[in-house]
Amino acid sequence: MQSNKQPLVMEIVLPAMVVRSLIAVAILALSRYLFASRRRHKLPPGPQRLPLIGNVLDMPTKNLGPSFRELTAKYGDVVYMNILGQPMVILGSYKAVYDLLEQQSSISSDRSPSPMADLTGFMWDFALEGYTQRWRTQRRAFHQLFYPNAIKAYRPTQLREVHRLLQKLITTPENFVHHCHHYFGATIMGIVYGVEIADDDDKYLVIARKALDIFNDFMVPGRYLVESLHVLRHIPSWFPGAGFKRKAAAWRKDVLALRNVPFDAVMANLANGTARPCIVTSLLEQQANLDPDEAKEHEEMSRDVAALAYITGADTTFSDVVAFFLAMVIFPDVQRKAQAELDAVVGPSRLPTFEDRTSLPYVNAIVKECMRWHVVVTLGIPHRTTADATCSGYFVPEGTVVVTNAWGISRDPEEYPEPEEFRPERFLDPKTRDPMSFVFGSGRRICAGRHFADVSLYIIVASILHSLTIEPPVDGSGQPVRVEPKVTTDVLLSYPEPFKCRITARSKQAEALIRAQGSAGDE
Numbered sequence: 002m003q004s005n006k007q008p009l010v011m012e013i014v015l016p017a018m019v020v021r022s023l024i025a026v027a028i029l030a031l032s033r034y035l036f037a038s039r040r041r042h043k044l045p046p047g048p049q050r051l052p053l054i055g056n057v058l059d060m061p062t063k064n065l066g067p068s069f070r071e072l073t074a075k076y077g078d079v080v081y082m083n084i085l086g087q088p089m090v091i092l093g094s095y096k097a098v099y100d101l102l103e104q105q106s107s108i109s110s111d112r113s114p115s116p117m118a119d120l121t122g123f124m125w126d127f128a129l130e131g132y133t134q135r136w137r138t139q140r141r142a143f144h145q146l147f148y149p150n151a152i153k154a155y156r157p158t159q160l161r162e163v164h165r166l167l168q169k170l171i172t173t174p175e176n177f178v179h180h181c182h183h184y185f186g187a188t189i190m191g192i193v194y195g196v197e198i199a200d201d202d203d204k205y206l207v208i209a210r211k212a213l214d215i216f217n218d219f220m221v222p223g224r225y226l227v228e229s230l231h232v233l234r235h236i237p238s239w240f241p242g243a244g245f246k247r248k249a250a251a252w253r254k255d256v257l258a259l260r261n262v263p264f265d266a267v268m269a270n271l272a273n274g275t276a277r278p279c280i281v282t283s284l285l286e287q288q289a290n291l292d293p294d295e296a297k298e299h300e301e302m303s304r305d306v307a308a309l310a311y312i313t314g315a316d317t318t319f320s321d322v323v324a325f326f327l328a329m330v331i332f333p334d335v336q337r338k339a340q341a342e343l344d345a346v347v348g349p350s351r352l353p354t355f356e357d358r359t360s361l362p363y364v365n366a367i368v369k370e371c372m373r374w375h376v377v378v379t380l381g382i383p384h385r386t387t388a389d390a391t392c393s394g395y396f397v398p399e400g401t402v403v404v405t406n407a408w409g410i411s412r413d414p415e416e417y418p419e420p421e422e423f424r425p426e427r428f429l430d431p432k433t434r435d436p437m438s439f440v441f442g443s444g445r446r447i448c449a450g451r452h453f454a455d456v457s458l459y460i461i462v463a464s465i466l467h468s469l470t471i472e473p474p475v476d477g478s479g480q481p482v483r484v485e486p487k488v489t490t491d492v493l494l495s496y497p498e499p500f501k502c503r504i505t506a507r508s509k510q511a512e513a514l515i516r517a518q519g520s521a522g523d524e
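For what it's worth, the numbering used here labels the leading residue of the sequence shown as 2, then goes sequentially.
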């Protein structure tokens with residue numbers, strides 16, 4: 002019987018050995034292929050990753066611009082990190098940004114889902130929306146309101162408010178930061194909602210301030226673990242480590258108020274016939290001939306578009322203007338050169354207008370240098386790739402989060418020699434890269450409101466330099482006090498740290514002109 006079993010055993014064993022051998026060969030071949038593929042598609046360099054958590058401990062959450070620049074200075078313009086399994090690349094040069102986000106925009110324009118945006122109620126902000134049809138529709142609507150020709154309609158409101166600002170600056174100059182914040186709030190509130198706001202503690206400005214502070218906090222990459230480990234959003238609020246859920250729940254009311262309170266005020270004014278022409282009334286007129294379902298959808302879109310215009314317009318350029326005051330205190334020669342140009346072009350008997358801009362190259366250079374010297378959105382809002390890509394010769398896998406260090410790009414000494422110096426002259430050379438190419442985002446996600454921000458900064462800079470002189474504070478003996486250019490970059494938007502300065506009218510004639518124009522604006 003045993004002699005009969007041996008062939009049977011051999012028949013079973015030999016095929017098994019062949020199968021194992023084939024599997025081994027296949028594994029070896031696959032390993033070689035993957036190794037070769039990895040060599041062909043080499044990941045960017047970056048800090049060494051720890052098991053399971055990857056680079057969680059390497060992710061900066063403070064002093065964001067300089068901290069991310071340290072990473073790119075150490076590893077190169079494209080840095081790879083992995084946060085709990087989520088691949089991420091940091092772009093530290095304009096060349097890398099252009100390569101990935103401009104030339105490959107069709108696969109690098111998505112956004113990562115944000116549990117914190119959902120929990121806080123910020124999902125109406127289509128800037129956080131993925132690369133979807135909804136995003137395309139809302140961006141198209143936003144663009145129609147803020148493209149270069151459209152924004153010319155907003156000039157009367159901007160001029161009226163900037164003249165009021167000048168009057169406030171000569172009346173209570175010590176409150177210049179508050180006045181600037183009020184100027185932008187009043188301007189955008191009038192343009193978007195047709196509502197005039199109160200001078201102090203206006204409820205709409207308070208709403209916007211609260212919502213923007215929330216946005217600034219949760220949009221910092223790596224600050225909240227739930228942004229990388231989405232499953233955490235399902236843990237109960239009382240559970241240890243779920244503080245983010247309790248915080249988000251407390252924030253939600255303020256975030257939704259920004260979207261709904263001013264919009265509902267316009268709806269009420271329309272109903273009683275007191276609404277002023279504005280962006281919201283224009284949007285609502287478009288739904289007059291729609292069926293009920295389409296009209297409701299259009300109204301929701303209008304709420305989103307208006308709220309985003311309000312929150313971005315009321316604060317981002319404000320930060321640049323405060324930085325402008327800081328620069329004038331520290332670099333007085335720049336102020337003198339600009340005032341000489343304004344005296345020659347505008348003269349003493351009127352205030353600057355938008356039409357003067359093409360005749361004021363140095364003032365325009367100051368506007369560009371403000372954007373470069375003080376990058377408001379330090380890191381931008383991260384993109385995400387929807388397919389495998391390459392950047393500067395490195396492999397960028399599908400699903401990679403892409404963070405742009407706009408602050409770091411603004412400090413590239415090859416692009417901008419002596420980057421910490423405020424030197425508008427650099428932009429008199431047309432070959433110098435315009436900071437608008439990176440400070441407002443990149444690719445298909447570039448900010449659609451950038452042209453409005455640009456003209457807003459121009460008219461306020463030109464008006465202030467034409468009429469006022471900004472100087473350092475003085476000590477008890479009358480000596481100028483040195484002011485340091487300190488900036489907070491721990492949140493999404495950066496702001497100059499508080500500083501003091503002296504603001505006076507350039508002459509009696511300038512003061513009289515300011516008061517006359519300010520009074521005319523109140524009529």
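Using N, Cα and C, we set each Cβ at its ideal position, and we do this for glycine too.
Note that the structure is a prediction, hence the values are computed from the model and not measured.
{"Item": "CB contact check: residue 166 to chain C, cutoff 8 angstroms", "Value": "In the structure shown, chain C cannot be found, because there is only a single protein chain."}
{"Item": "Limits of the unbroken beta strand (DSSP E) element including residue 503", "Value": "503–506"}
{"Item": "For residue 160 and residue 489, the rounded distance between their alpha carbons", "Value": "30 angstroms"}
{"Item": "Residue 13 burial status per 10 Å Cβ neighbour count (16 or more: buried)", "Value": "Confidence is the limiting factor: at residue 13 the pLDDT is only 40, short of 50, which leaves the residue's position unreliable and the question unanswerable from this model."}
{"Item": "Every unbroken alpha helix (DSSP H) inside the segment 293–353 [4 residues or more]", "Value": "293–314, 317–331, 333–346"}
{"Item": "CB-CB length for residue 65 against residue 327, believed under 8 angstroms", "Value": "About 19 angstroms; that fails the 8 angstroms criterion."}
{"Item": "Residue 375 - DSSP class collapsed to helix/strand/coil", "Value": "coil"}
{"Item": "Those runs of the alpha helix (DSSP H) which lie wholly inside the segment 100–147 and span at least 4 residues", "Value": "116–121, 134–147"}
{"Item": "Element boundaries [alpha helix (DSSP H), containing residue 228]", "Value": "No alpha helix (DSSP H) holds residue 228; DSSP gives it neither H nor E."}
{"Item": "Close-in-space but distant-in-sequence residues of the same chain around residue 209 (CB under 8 angstroms, 5 per side omitted)", "Value": "186, 259, 311, 312, 315, 316"}
{"Item": "Touching by the beta-carbon criterion (3+ pairs, under 8 angstroms), the segment 356–367 and the segment 327–345", "Value": "yes"}
{"Item": "Entirely enclosed alpha helix (DSSP H) segments - the segment 381–459, minimum 4 residues", "Value": "407–411"}
{"Item": "Three-pair Cβ contact test at 8 angstroms for the segment 489–509 versus the segment 213–224", "Value": "yes"}
{"Item": "C-alpha distance - residue 99 paired with residue 301, whole-angstrom precision", "Value": "34 angstroms"}
{"Item": "Simplified DSSP assignment, three categories, for residue 168", "Value": "helix"}
{"Item": "Residue nearest to residue 45 in terms of C-alpha spacing, selected from 445, 395, 497", "Value": "395"}
{"Item": "Same chain, Cβ closer than 6 angstroms to residue 444, five either side skipped, listed in chain order", "Value": "102, 103, 106, 110"}
{"Item": "Residues of its chain near residue 197, where Cβ-Cβ distance is below 8 angstroms and the 5 sequence neighbours each way are ignored", "Value": "187, 190, 191"}
{"Item": "Backbone CA spacing between residue 220 and residue 425 [nearest angstrom]", "Value": "31 angstroms"}
{"Item": "Opening and closing residue of the alpha helix (DSSP H) in which residue 71 lies", "Value": "65–76"}
{"Item": "Runs of alpha helix (DSSP H) wholly within the segment 162–220 (minimum 4 residues, chain order)", "Value": "177–194, 204–219"}
{"Item": "Status (buried if at least 16 other CB within 10 Å, exposed otherwise) for residue 74", "Value": "exposed"}
{"Item": "Cβ-based burial, residue 125 [other Cβ within 10 Å; buried from 16]", "Value": "buried"}
{"Item": "C-alpha gap between residue 398 and residue 84, whole angstroms", "Value": "14 angstroms"}
{"Item": "Where residue 159 falls: helix, strand or coil (DSSP)", "Value": "helix"}
{"Item": "Which of helix, strand or coil DSSP assigns to residue 271", "Value": "helix"}
{"Item": "Of the listed residues 67, 448, 487, 81, nearest to residue 48 (C-alpha basis)", "Value": "81"}
{"Item": "Beta-carbon contacts of residue 149 that lie in its chain and below 8 angstroms, excluding the five residues immediately before and after", "Value": "452"}
{"Item": "Proximity of residue 359 and residue 89 at Cβ, strictly below 8 angstroms", "Value": "no"}
{"Item": "Bridge partners - residue 496, DSSP secondary structure assignment", "Value": "489"}
{"Item": "Closest by C-alpha distance to residue 517, when choosing among 53, 132, 63, 167", "Value": "167"}
{"Item": "Assumed close pair residue 181, residue 330 - CB separation to whole angstroms, cut-off 8 angstroms", "Value": "Not quite, the Cβ-Cβ distance comes to about 14 angstroms (not below 8 angstroms), so this is no contact."}
{"Item": "Residue from 97, 54, 432 with nearest C-alpha to residue 403", "Value": "97"}
{"Item": "Residue 261 in three-state terms, based on DSSP", "Value": "helix"}
{"Item": "Bounding residues of the alpha helix (DSSP H) (the contiguous stretch that carries residue 285)", "Value": "280–286"}
{"Item": "Proximity below 8 angstroms, CB of residue 410 to CB of residue 171", "Value": "no"}
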